[in-house]
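One structure is given here, and the rest of the page talks about it.
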Amino acid sequence: MAGAHVAMPALAQSSAISESAKAEPARQPRNVVFILLDDLRYDGMGFLQPELKTPNIDRLARGGTYFPNTVVTSSLCSPSRATILTGETARNHGVVDNANSSEAGLTFFPAYLQKAGYQTAFIGKWHMGNDVDSPRPGFDKWVSFRGQGSYYPSSGDPDAAIQGGETTMWNVDGKKVAQQGYITDELTDYAMTWLQKERDPSKPFFLYLSHKAVHSDPLPPPRYRHLYDKTDFKIPASAANTLENYRGKPMWVYNQRNTWHGIDFFYNSDMKMAEYLRFYYGALAAVDDSVGRILDYLKKSGLEKDTLVVFTADNGFQIGDHGLIDKRTAYQASVRVPMLMYEPGTVPAGAINNGRIRNLDYAPTFLDLAGVERPPQFEGVSAWPLITGKVADGDWKAPDFTYEYYWEWAYPMTPGTFAIQRGDLKYIQYYGVYDTDELYDLSRDPDEMRNLIDDPAYLSAKVELRNVLYQQLANRDGRHAIPFGERNAIGSVRRNRAGPGAAPFPNSWLVEPNRLDRKDNVLPDSLEKQRAHDMGKAFMPFPVLGSSEADTNAGLKH
Numbered sequence: 024m025a026g027a028h029v030a031m032p033a034l035a036q037s038s039a040i041s042e043s044a045k046a047e048p049a050r051q052p053r054n055v056v057f058i059l060l061d062d063l064r065y066d067g068m069g070f071l072q073p074e075l076k077t078p079n080i081d082r083l084a085r086g087g088t089y090f091p092n093t094v095v096t097s098s099l100c101s102p103s104r105a106t107i108l109t110g111e112t113a114r115n116h117g118v119v120d121n122a123n124s125s126e127a128g129l130t131f132f133p134a135y136l137q138k139a140g141y142q143t144a145f146i147g148k149w150h151m152g153n154d155v156d157s158p159r160p161g162f163d164k165w166v167s168f169r170g171q172g173s174y175y176p177s178s179g180d181p182d183a184a185i186q187g188g189e190t191t192m193w194n195v196d197g198k199k200v201a202q203q204g205y206i207t208d209e210l211t212d213y214a215m216t217w218l219q220k221e222r223d224p225s226k227p228f229f230l231y232l233s234h235k236a237v238h239s240d241p242l243p244p245p246r247y248r249h250l251y252d253k254t255d256f257k258i259p260a261s262a263a264n265t266l267e268n269y270r271g272k273p274m275w276v277y278n279q280r281n282t283w284h285g286i287d288f289f290y291n292s293d294m295k296m297a298e299y300l301r302f303y304y305g306a307l308a309a310v311d312d313s314v315g316r317i318l319d320y321l322k323k324s325g326l327e328k329d330t331l332v333v334f335t336a337d338n339g340f341q342i343g344d345h346g347l348i349d350k351r352t353a354y355q356a357s358v359r360v361p362m363l364m365y366e367p368g369t370v371p372a373g374a375i376n377n378g379r380i381r382n383l384d385y386a387p388t389f390l391d392l393a394g395v396e397r398p399p400q401f402e403g404v405s406a407w408p409l410i411t412g413k414v415a416d417g418d419w420k421a422p423d424f425t426y427e428y429y430w431e432w433a434y435p436m437t438p439g440t441f442a443i444q445r446g447d448l449k450y451i452q453y454y455g456v457y458d459t460d461e462l463y464d465l466s467r468d469p470d471e472m473r474n475l476i477d478d479p480a481y482l483s484a485k486v487e488l489r490n491v492l493y494q495q496l497a498n499r500d501g502r503h504a505i506p507f508g509e510r511n512a513i514g515s516v517r518r519n520r521a522g523p524g525a526a527p528f529p530n531s532w533l534v535e536p537n538r539l540d541r542k543d544n545v546l547p548d549s550l551e552k553q554r555a556h557d558m559g560k561a562f563m564p565f566p567v568l569g570s571s572e573a574d575t576n577a578g579l580k581h
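Going by our numbering, the first residue of the sequence shown is number 24, and it counts up by one from there.
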């Protein structure tokens, strides 16, 4: 299951494009239903995992297009959601963590749709900006709650306790309303009421349905509590604590396996991941019901061919990949998200489209399909030509995928992480830790098991990607800034007393003192430096003060 690249014979590659998709006639702006989940793994759908029961999500795949190379530029709830809503990267929109980041000065893309005559609704988890639940500009309809929300009213959710029970009170168009039932069902009720009774049917609409599911700790509704009791969920092979799995990996990766976000002590519990996934996918089953209700409504109301349905998540989810769980990292299971798009007659049916789409590209795409002019602050590109098949995935010129995650004191085991993918090569570097970089050729190594960072054959690529990554991480003012939030506690630093300890230093780091090449690792990598090392020489000899070599260089004699 995990880490697998699943062959899907039932779906066709998108290079075979219908003539109707190539030449779409002039028409009124289409409607959009944007369904956003929280923490859903990229392969967490029944058509990819037969043991999962997601008939309505699978219905989207059969009637629409699956985009397996959809990624997020920051794999963390608030930064990713801000990127979706603003069309900007975290370094520019400034929402860099989940702790009260400001929304000052930001414009959310539905505001542009409103000006073009759309009716817009936001229903669900906002999780941004000082944990307030008040209606935001750009939405005609508003249903939300503070922070993470609760699966059930008065459920004992830790977030509800922290916020004084506020997560069980919702804000409905500016008024406090008590949560009545299971969150996924109730959010869908609000969405259906707006679609059926509250919106103006003479106007195009944009519905942003943002589920809490399947965020931790996932609680299924009673009808699905035992859905997967007998399912034996497998975890990735890279979850095993073996020398082979950690060969070439940074030390922080091994050190994290016995922490809050590590497979051996995840969420500081002794639960096994296979058991956790029964809750996780049980919660997803309720989302599948929600998808079914929306699709049935669109079909019965005659809106199916006029409405784009988008199904995705704010970030991926590791279930033991490399010994890690949750998100934040630049590894594939963290940055890849599920993506299905469905609009009969416009989006090719039953297709796989391998073109890369970033969450940075959603806002430009939504404005493009509505015929709305692109605002100057948008950083992504419209993927509408790719989505409709007017540009085949093999001809799609995907921009570089640049990733940024800024270190959080609350979860200090994951370092600041920056990465870039150009073509099939992905380069990852870490900020503020004593550790190694990573380089992977995803075409040959999709599970990121062989670190090529010190492979001489990839030296030029490494140097180029380092340089390009640094350039692209500059904000719109040309500055390279590392933001940080206020520390108000020690953070999640606990480790299982009986769990694994710290990683050893790499053998190549262990050297004798007083080497002439002791400065070489600080000097920029280059072919010239590599040639010197290949000959067993120091690139720039730096003898120790007082040594015979130092005296000779200084013209002194003993």
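Beta carbons are placed, not taken as given, at the ideal position from N, Cα and C, and that holds for glycine. None of the values given here were measured: they were computed from a predicted structure.
7 Å Cβ cutoff met for residue i and residue j
i      : j      : result
ILE146 : TYR174 : no
ASP110 : GLY403 : Reading the sequence as shown, one finds Gly at residue 110 and not Asp. Cβ atoms of GLY110 and GLY403: closer than 7 Å.
PHE228 : LEU136 : no
GLY501 : PRO52  : no
PRO367 : GLU327 : yes
GLY170 : PRO133 : no
ALA521 : ILE451 : no
ASP287 : ASN281 : yes
ALA113 : MET151 : no
GLY582 : ASN79  : Since the displayed the chain opens at 24 and closes at 581, residue 582 lies outside it and no answer follows.
ASP156 : SER167 : yes
DSSP beta-bridge partners of residue i
i      : result
TRP193 : PHE168 and VAL200
GLY514 : Answer is none; GLY514 lacks a bridge partner.
SER233 : LEU59 and GLY147
ASP464 : LEU448
VAL94  : ARG359 and ARG381
ASN281 : According to DSSP, ASN281 bridges with nothing at all.
GLY403 : According to DSSP, which records beta bridges pairwise, GLY403 is partnered with nothing at all.
GLN219 : In DSSP, GLN219 forms no bridge with anything.
ILE342 : ILE348
ASN519 : Looking at the DSSP assignment, ASN519 forms no beta bridge with any residue, so it has no partner.
TYR303 : TYR303 is not bridged to any residue.
MET364 : THR88 and VAL333
ASN54  : THR330
8 Å contact criterion, which residue i and residue j should meet: CB distance rounded
i      : j      : result
PRO245 : ALA306 : About 12 Å separates the two Cβ atoms, so there is no contact after all.
PHE424 : ILE443 : 7 Å
THR388 : ASN54  : That belief does not hold up - the Cβ atoms of THR388 and ASN54 are roughly 15 Å apart, past 8 Å.
VAL360 : VAL95  : 6 Å
VAL332 : VAL118 : Contact flag wrong, Cβ pair sits at about 26 Å.
THR216 : ALA201 : THR216 to ALA201, Cβ: 17 Å. No contact.
Residues near residue i by beta carbon distance below 6 Å, same chain, minus five either side
i      : result
THR582 : No information on residue 582 is available, as it lies outside the stretch 24 to 581 that the chain covers here.
ILE58  : LEU232 and PHE334
MET362 : PHE90, THR93 and THR335
ARG222 : GLN142 and PHE228
ALA122 : GLY508
TYR269 : TYR277
ASP196 : TRP165
TYR463 : LYS449 and GLU471
Residue i in three-state terms, based on DSSP
i      : result
ILE258 : coil
LYS328 : helix
ALA33  : Per-residue confidence for ALA33 stands at a pLDDT of 48, beneath the threshold of 50, marking its modelled position as unreliable; no derived number is given.
GLU427 : strand
GLY87  : coil
VAL333 : strand
GLN72  : coil
PHE389 : helix
GLY23  : The structure shown does not extend to residue 23, since the chain is modelled only from 24 to 581, so the question has no answer here.
TYR481 : helix
TYR454 : strand
PHE162 : coil
ASP349 : strand
GLY439 : strand
TYR213 : helix
THR121 : In the sequence on display, residue 121 carries Asn and not Thr. In the structure shown, ASN121 sits in coil (DSSP, three-state: anything other than H, G, I, E or B).
Sequence-distant residues of the same chain with beta carbon closer than 7 Å to residue i, five excluded per side
i      : result
ASP61  : CYS100, LYS148, HIS234, LYS235, ALA236, VAL237, HIS238, ALA336 and ASP337
GLY439 : TYR428, TYR429, TRP430, TYR453, TYR454, GLY455 and ILE505
ARG248 : GLY305
ALA421 : GLY378 and ARG379
PHE131 : LEU108, THR109, ARG159, PRO160 and GLY161
LEU568 : none
Residues near residue i in its chain [Cβ-Cβ closer than 8 Å; skip 5 each side]
i      : result
LEU75  : GLY67, MET68, GLY69, TYR304 and LEU307
HIS556 : ASP540, ASP543 and PHE562
Cβ-heavy atom distance, residue i to the ligand ZN, below 6 Å
i      : result
PHE441 : The ligand ZN is not part of this structure, which contains no ligands at all.
Min CB distance residue i to chain D below 7 Å
i      : result
GLY378 : Among the chains of the structure shown, chain D does not appear; only one protein chain is present.
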